[in-house]
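Residue numbers (this note's numbering), protein chains in the order written: chain A, 1 to 142; chain B, 1 to 236. Beta carbons are placed, not taken as given, at the ideal position from N, Cα and C, and that holds for glycine. Just so it is clear, the structure is predicted and the values come from calculations on it, not from any experiment. Since the structure comes first, as structure tokens, the remarks are kept for the end.
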Amino acid sequence: MDPERPSGSRSEQEWTDGPERLFEALGTDGCRRTLYVLLDRREVEVEELADVLAGWRVAGTEDVVGPDERREALLSLRHAHLPALAERGLLRYDRETGTVRRLPFADAAQSLLRRAAEYEAAHGVDPAIDEDDSRLPGNDGR
Amino acid sequence: MTDDDPLGNLLERVGGRHRWLRTYADEPTALADALAGHNVTVEHRDRPAGVPGPFVVVRSAEGFRGAVALGSLESFLAGPTEPPVLGDADGERELRELFERTPFASLERRQLLATSREFEERAYRAGEGRLHVAFQTRAAMDAQRTTYRAILRETDLDVHVYAPPGPLGEPWTDATVHDDVGWAVGRFWLVAYDGGGDDRRACALLAEERDPDRYFGLWTYDPALVAATIATLEAG
Chain A
1 MDPERPSGSR SEQEWTDGPE RLFEALGTDG CRRTLYVLLD RREVEVEELA DVLAGWRVAG
61 TEDVVGPDER REALLSLRHA HLPALAERGL LRYDRETGTV RRLPFADAAQ SLLRRAAEYE
121 AAHGVDPAID EDDSRLPGND GR
Chain B
1 MTDDDPLGNL LERVGGRHRW LRTYADEPTA LADALAGHNV TVEHRDRPAG VPGPFVVVRS
61 AEGFRGAVAL GSLESFLAGP TEPPVLGDAD GERELRELFE RTPFASLERR QLLATSREFE
121 ERAYRAGEGR LHVAFQTRAA MDAQRTTYRA ILRETDLDVH VYAPPGPLGE PWTDATVHDD
181 VGWAVGRFWL VAYDGGGDDR RACALLAEER DPDRYFGLWT YDPALVAATI ATLEAG
């Protein structure tokens with residue numbers, strides 16, 4: 001890796017300093033949701049994390065999420081989200097065992113994460129399904 | 001096992017697909033009770049912060065099968081209040097596939113009706129092949145007459161009906177009716193479609209009423225198992 005540009009256009013120092021590393025992480029669904037899971041559990045296996053991210057997509061909907069989407073979630077976790085969160089000092093990811101463990105920085109950010117999670121839970125379900133039904137005159141349901 | 005109960009033996013023999021369910025909810029659910037029996041294990045986890053609703057992860061020995069909102073799974077297992085009508089009955093295929101070949105100790109009649117209708121719909125849409133259906137009573141046969149009249153009128157399906165002997169509201173001259181089979185026809189609820197030459201369309205529902213209104217049974221999309229079910233039926 002080019003030492004001048006360790007990740008994107010920022011320097012290593014910027015990534016590991018200050019609240020920016022947390023706010024950056026909050027901008028990505030997979031990173032943010034991983035941090036939410038770690039709010040109530042210090043440790044979780046990456047396989048279960050993939051289950052949870054897959055289930056997250058269908059919570060509050062009538063859809064079923066299958067193995068393909070879950071595999072995508074697992075790959076994203078392993079190759080993108082977990083390395084990014086580890087790099088920002090928010091968690092430790094052991095590739096050998098698949099164990100994900102929360103780090104003290106995330107502890108310090110708990111109340112912020114908790115608020116963000118509440119906000120997301122309240123706004124997380126796509127209301128488009130109900131709207132679709134109401135737009136169809138004469139739809140008498142099934 | 002005895003030879004005079006071929007369907008019961010088949011049901012016991014094929015029902016080995018265990019499912020592991022993990023519910024992510026605010027409190028333990030009644031799902032474990034609903035899925036009573038030794039083929040489903042239900043484990044509870046607290047719902048993670050931020051998830052907009054409780055959900056369930058379904059795993060088999062092969063790994064992750066699917067995930068679904070808890071409410072969707074509960075209403076699926078209970079079955080719809082009105083059985084779906086022919087022409088619009090494949091809405092829950094994905095959910096049904098999650099539990100393919102998983103024996104349930106306590107299936108609801110509503111769920112059996114919905115599953116039957118989905119399988120009849122598959123046959124109806126294909127329009128060819130052989131559809132086998134066993135009714136527990138002649139009254140149940142009468143109740144499905146309208147649906148089967150449409151199936152028989154609008155397709156080239158070869159329909160074989162198994163039912164205990166007795167009077168009918170009207171004759172089923174357009175189907176082949178078997179009322180002389182050796183197995184205990186009144187105990188079983190069964191729909192089996194051979195796929196009409198396309199294995200991907202094959203499906204079967206096999207359920208036994210072990211207590212009044214309580215059914216032990218399973219459904220499958222495995223062509224070999226569907227063929228075995230049909231062979232058992234045809235052997236009488």
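I believe residue i touches residue j by the beta-carbon criterion, under 8 Å. Please report the beta-carbon distance rounded to the nearest angstrom.
i	j	result
V191 of chain B	F104 of chain B	Not a contact, Cβ separation roughly 16 Å.
A100 of chain A	V46 of chain A	It is Val, not Ala, that sits at residue 100 of chain A in the sequence shown. Yes, they are in contact, since the Cβ atoms of V100 of chain A and V46 of chain A sit about 6 Å apart, within 8 Å.
A202 of chain B	Y193 of chain B	6 Å
A61 of chain B	H18 of chain B	7 Å
F129 of chain B	L168 of chain B	First, the residue type needs correcting, since residue 129 of chain B is Gly and not Phe in the sequence shown. So it is not a contact: roughly 25 Å between Cβ atoms.
L10 of chain B	A228 of chain B	7 Å
For the alpha helix (DSSP H) that contains residue i, what are its first and last residues?
i	result
W56 of chain A	V46 to V58
G30 of chain A	D29 to D40
H123 of chain A	Q110 to H123
L86 of chain B	That residue, L86 of chain B, is in no alpha helix (DSSP H); it is neither H nor E in DSSP.
R110 of chain B	R109 to A126
E43 of chain B	Taken as a continuous stretch (DSSP letters only), E43 of chain B belongs to no alpha helix (DSSP H), being part of the beta strand (DSSP E) at V40 to D46.
L82 of chain A	L82 to E87
Looking at the unbroken beta strand (DSSP E) that takes in residue i, where does it start and where does it end?
i	result
A67 of chain B	G63 to A69
A25 of chain B	R19 to A25
T232 of chain B	First-last for T232 of chain B: P223 to E234, but that is the alpha helix (DSSP H), not the beta strand (DSSP E).
L131 of chain B	R130 to A134
L91 of chain A	L91 to D94
Closest by CA to residue i, which one among the options?
i	options	result
T137 of chain B	B:L86, B:D222, B:E209 and B:E108	B:E209
V181 of chain B	B:G87, B:V56, B:E92 and B:L233	B:L233
T240 of chain B	B:T229, B:R22 and B:E154	There is simply no residue 240 of chain B to check, as chain B begins at 1 and stops at 236 in what is shown.
V85 of chain B	B:T155, B:W189 and B:T146	B:T146
E69 of chain A	B:R65, B:S72 and B:R153	B:R65
Q259 of chain B	B:A126, B:D4 and B:A175	Examination of residue 259 of chain B is not possible in this model, given that chain B is present from 1 through 236 alone.
V57 of chain B	B:G169, B:D88, B:F99 and B:P83	B:F99
R45 of chain B	B:E27, B:D211, B:L168 and B:V51	B:E27
E121 of chain B	B:L107, B:A204 and B:R101	B:A204
E94 of chain B	B:V68, B:P83, B:E108 and B:L112	B:V68
D63 of chain A	B:R96, B:V159 and B:A123	B:R96
E72 of chain A	A:P104, A:L49 and A:D94	A:L49
R109 of chain B	B:L218, B:A227, B:A30 and B:T229	B:L218
G127 of chain B	B:A150, B:A184 and B:S106	B:A150
L39 of chain A	A:P104, A:H123 and A:A122	A:P104
V133 of chain B	B:A228, B:R153, B:V185 and B:S106	B:V185
S106 of chain B	B:F216, B:A224, B:T229 and B:L225	B:F216
D213 of chain B	B:Q111, B:G8 and B:L131	B:Q111
L131 of chain B	B:T155, B:A114 and B:L113	B:T155
Y93 of chain A	A:S111, A:A116, A:R115 and A:T34	A:T34
V177 of chain B	B:R200, B:M141, B:R153 and B:G196	B:M141
R13 of chain B	B:P171, B:R59, B:F55 and B:T102	B:T102
D222 of chain B	B:A231, B:D199 and B:D211	B:D199
Just checking: is the beta-carbon of residue i within a distance shorter than 8 Å of some beta-carbon in chain E?
i	result
R17 of chain B	Protein chains A and B are contained in the structure displayed, whereas chain E is not.
Exercise. With a cut-off of 8 Å, do at least 3 Cβ pairs link the stretch 69 to 77 of chain A to the stretch 37 to 53 of chain A?
Worked result: yes
For this session: Check whether the stretch 159 to 176 of chain B touches the stretch 126 to 140 of chain B, taking contact to mean three or more Cβ pairs, one atom from each stretch, closer than 8 Å.
Result: yes
For this session: For the stretch 142 to 206 of chain B, list the alpha helix (DSSP H) runs that are entirely contained and at least 4 residues long, ordered along the chain.
Result: 145 to 154
For this session: Mind the definition here: the stretch 77 to 84 of chain B touches the stretch 31 to 48 of chain A only if three or more C-beta pairs lie below 8 Å; say whether that holds.
Result: no
Exercise. Between the stretch 17 to 27 of chain A and the stretch 85 to 93 of chain A, do at least 3 Cβ pairs fall closer than 8 Å?
Worked result: yes
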